[in-house]
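Participant: This note's numbering puts the first residue of the sequence shown at 61, with every later residue one more than the last.
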Amino acid sequence: MDVWYTEKHQNEAGITLKVKDILYGGQSEFQKVDIIDTEAYGKMLLLDGLVMTSEKDEFFYHEMISHIPMLAHSRPESVLVIGGGDGGTVREVLKYNSVKEVVLCEIDEMVIDASKEFLPSIAGMLDDKRVKINIEDAIKYIERQKNRFDVILIDSTDPLGPGVGLFTEEFYNNVKQALRKGGIMVAQTESPLACQEDFKLINILLNKVFPIVKPYFAPVPTYPGAYWSWTFCSNDVQPKLNNETFAAQLEKETKYYNRDIHAAAFAMPNYVKSILSL
Ligand code: SPD
Numbered sequence: 061m062d063v064w065y066t067e068k069h070q071n072e073a074g075i076t077l078k079v080k081d082i083l084y085g086g087q088s089e090f091q092k093v094d095i096i097d098t099e100a101y102g103k104m105l106l107l108d109g110l111v112m113t114s115e116k117d118e119f120f121y122h123e124m125i126s127h128i129p130m131l132a133h134s135r136p137e138s139v140l141v142i143g144g145g146d147g148g149t150v151r152e153v154l155k156y157n158s159v160k161e162v163v164l165c166e167i168d169e170m171v172i173d174a175s176k177e178f179l180p181s182i183a184g185m186l187d188d189k190r191v192k193i194n195i196e197d198a199i200k201y202i203e204r205q206k207n208r209f210d211v212i213l214i215d216s217t218d219p220l221g222p223g224v225g226l227f228t229e230e231f232y233n234n235v236k237q238a239l240r241k242g243g244i245m246v247a248q249t250e251s252p253l254a255c256q257e258d259f260k261l262i263n264i265l266l267n268k269v270f271p272i273v274k275p276y277f278a279p280v281p282t283y284p285g286a287y288w289s290w291t292f293c294s295n296d297v298q299p300k301l302n303n304e305t306f307a308a309q310l311e312k313e314t315k316y317y318n319r320d321i322h323a324a325a326f327a328m329p330n331y332v333k334s335i336l337s338l
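1. Taking 7 Å as the limit between beta carbons, can you name the residues of its chain near Arg135, skipping five residues before and five after?
2. Assuming Cys165 and Ile142 make a contact with CB atoms under 8 Å, what is their CB distance in whole Å?
3. Which residues does DSSP list as the beta-bridge partners of Pro129?
4. In terms of residues, what are the limits of the beta strand (DSSP E) holding Lys80?
5. For a test of your reading of the model: does the CB of Tyr218 fall under 7 Å from any non-hydrogen atom of ligand 1? Yes or no.
6. Identify every run of the alpha helix (DSSP H) within the region 249-333, keeping only runs that are complete inside it and at least 4 residues long; order them along the chain.
7. Measure the C-alpha to C-alpha separation of Thr228 and Lys236 and round it to an integer number of angstroms.
8. Looking at Asp81: is its Cβ nearer than 8 Å to the Cβ of Met112?
9. Would you kindly report the start and end of the unbroken beta strand (DSSP E) that includes Lys206?
10. Less than 8 Å between the beta carbons of Leu140 and Val171, yes or no?
11. Comparing C-alpha positions only, which one of Thr76, Gln91, Gln70 and Glu72 sits nearest to Trp64?
12. According to the neighbour-count rule (16 or more other Cβ atoms, all chains shown, within 10 Å of its Cβ), is Ile264 buried or exposed?
13. From Tyr340 to Thr282, what does the alpha carbon distance come to, in whole angstroms?
14. With Met170 as the anchor, note down where its beta strand (DSSP E) starts and where it stops.
15. Could you tell me whether any non-hydrogen atom of ligand 1 is closer than 7 Å to the CB of Thr113?
16. Comparing alpha-carbon positions, which option in Asp62, Ala327 and Phe231 lies nearest Gln205?
17. Using the three-state DSSP reduction, which class does Glu230 fall into: helix, strand or coil?
18. Going by the CB atoms, is the gap between Glu152 and His127 shorter than 8 Å?
19. Are there three or more Cβ pairs, one per stretch, closer than 8 Å when the region 288-299 is compared with the region 239-250?
20. Less than 7 Å between the CB of Leu110 and some heavy atom of ligand 1, yes or no?
21. Using 8 Å as the cut-off, can you tell me whether the region 105-123 makes contact with the region 308-324, which would need three or more C-beta pairs spanning the two stretches below that distance?
22. Tell me which residues share the same chain as Gly225 and place their Cβ nearer than 7 Å to its Cβ, disregarding the 5 neighbours each side in the sequence.
23. Terminal residues of the continuous beta strand (DSSP E) containing Glu115?
24. So which of Ala238, Asn303, Asn234 and Ser216 has the shortest CA-CA distance to Leu107?
25. Below 8 Å on the Cβ atoms is my contact criterion, and I expect Arg208 with Glu161 to pass it. Report the Cβ-Cβ distance as a whole number of Å.
26. Taking Cys255 as the reference, give the member of Ala286, Ile214, Leu266 and Glu137 with the closest Cα.
27. Does the distance from the CB of Lys268 to the CB of Phe292 come in under 8 Å?
See the structure below:
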């Protein structure tokens, strides 16, 4: 079979992968959901034709969105994952013994079902008894949550389609209300190379809401620019490593995260400082 998948980036670049098999294709109320098997990156989840995760490079994204905030917190017990229906972020968060509950608020049940069936190495922990799955628009869910979570992870799609309302000042204000004292929010904040305008605008919004706003960076080879950002936000916690003992234990099994990466991820390249006017 000589089939190729292409995701175009800003209509001027893209990623092209040779497809071994098309495993699933569905159209939900919200988006198109596909699972394909590729020669280079293994099985991949696509939403509306855009790469969300792949078996080969998912660890960069899921370890970085999770372990930076989880290890900066003094004792995370209650965690909310917004989006993230593929389960990769939930899998990482469940590595902490302190965690008593992980609420996964995902708008689209089809993403969860397809991931459980075709991506078990990523979604395999979604049936853990500490996980509560809530199929709901997070914009509505978060309005009802006050002083409830230690860590909130916004594992969203790009600011397009069903994901667009997760990138507003009002939404971030509601997330802030949902955090407990000492709480931390991390959001995926797009590529500072391929999506500079989005990265800049999201950071402007976050700075209007949180007193502590620190972007950090890592590669994600299948994403636009292959270089991604997340932003750490809190009212009262800095992003430094707080639990050295657990980090030393954790890094024996992580593929990207370690204590050196934790510190280095916040180093800001000069061109990124310019984008953020720093
Ligand atoms: N351009 C793709 C951005 C997707 C970010 N979220 C991915 C979800 C993986 N759990």
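We put the beta carbon where it would ideally sit given N, CA and C, even for glycine. Given the structure is predicted, the values throughout are model-derived calculations rather than measurements.
Facilitator: With the given structure in hand:
1. Position 75 of the sequence shown, counting from 1, holds the residue named residue 135. These residues qualify, in order along the chain: Ser158.
2. Counting from one through the sequence shown, the residue named residue 165 turns up at place 105. Counting from one through the sequence shown, the residue named residue 142 turns up at place 82. With 8 Å as the limit, Cys165 and Ile142 qualify as a contact, their Cβ atoms being about 5 Å apart.
3. As a working note, residue 129 is residue 69 in the sequence shown. For Pro129, which the question treats as bridged, DSSP gives no partner whatsoever.
4. The residue you call residue 80 lines up with position 20 of the sequence shown. Run containing Lys80: Ala73 to Gln87, per the beta strand (DSSP E) assignment.
5. Numbered from its first residue, the sequence shown carries residue 218 at position 158. First, the amino acid is wrong: residue 218 is Asp here, not Tyr. For ligand 1, at least one heavy atom lies less than 7 Å from the Cβ of Asp218.
6. 256-269, 304-310 and 319-324
7. One-based indexing of the sequence shown puts residue 228 at position 168. One-based indexing of the sequence shown puts residue 236 at position 176. About 12 Å.
8. Counted from its first residue, the sequence shown places residue 81 at position 21. Counted from its first residue, the sequence shown places residue 112 at position 52. No, they are not a contact pair.
9. Along the sequence shown, read from residue 1 onward, the residue named residue 206 stands at position 146. Counting along the chain, Lys206 falls outside any beta strand (DSSP E), and DSSP gives it neither H nor E.
10. Position 80 of the sequence shown holds residue 140. Position 111 of the sequence shown holds residue 171. In this structure, Val171 does not lie closer than 8 Å to Leu140 by Cβ.
11. Start at 1 with the first residue of the sequence shown, and residue 64 comes out as number 4. Nearest of Thr76, Gln91, Gln70 and Glu72 to Trp64, Cα basis: Thr76.
12. The residue you call residue 264 lines up with position 204 of the sequence shown. Classification of Ile264: exposed, given that the 10 Å Cβ count is below 16.
13. Not covered by the structure: residue 340. The range shown for the chain is 61 to 338.
14. Your numbering for residue 170 matches position 110 in the sequence shown. From DSSP, Met170 is part of no beta strand (DSSP E) but of the alpha helix (DSSP H) over Glu169 to Phe178.
15. For the purposes of this step, residue 113 is identified with residue 53 of the sequence shown, where counting begins at 1. Because some heavy atom of ligand 1 lies under 7 Å away, the Cβ of Thr113 counts as near it: yes.
16. As a first step, residue 205 must be located in the sequence shown, where it is residue number 145. The shortest C-alpha separation from Gln205 is found at Phe231.
17. Counted from its first residue, the sequence shown places residue 230 at position 170. Looking at Glu230 - three-state DSSP - the assignment turns out to be helix.
18. Translated into the one-based positions of the sequence shown, residue 127 becomes position 67. Translated into the one-based positions of the sequence shown, residue 152 becomes position 92. In this structure, Glu152 lies closer than 8 Å to His127 by Cβ.
19. yes
20. Taking the sequence shown and counting its residues from 1, the one referred to as residue 110 is at position 50. Leu110: yes, Cβ under 7 Å from ligand 1.
21. yes
22. Start at 1 with the first residue of the sequence shown, and residue 225 comes out as number 165. If we look at Gly225 and ignore the five residues flanking it on each side, its Cβ neighbours are Ile199 and Phe231.
23. Taking the first residue of the sequence shown as 1, we reach residue 115 at position 55. Glu115 -> no beta strand (DSSP E), and no H or E assigned at all.
24. Translated into the one-based positions of the sequence shown, residue 107 becomes position 47. Among Ala238, Asn303, Asn234 and Ser216, the Cα nearest to that of Leu107 is on Ser216.
25. What you label residue 208 is simply residue 148 of the sequence shown in a count that begins at 1. What you label residue 161 is simply residue 101 of the sequence shown in a count that begins at 1. Not a contact, Cβ separation roughly 10 Å.
26. As a position in the sequence shown, residue 255 is number 195, starting the count at 1. For the residues Ala286, Ile214, Leu266 and Glu137, the minimum Cα distance to Cys255 belongs to Ala286.
27. One-based indexing of the sequence shown puts residue 268 at position 208. One-based indexing of the sequence shown puts residue 292 at position 232. Taking 8 Å as the Cβ cut-off, Lys268 and Phe292 do not qualify as a contacting pair.
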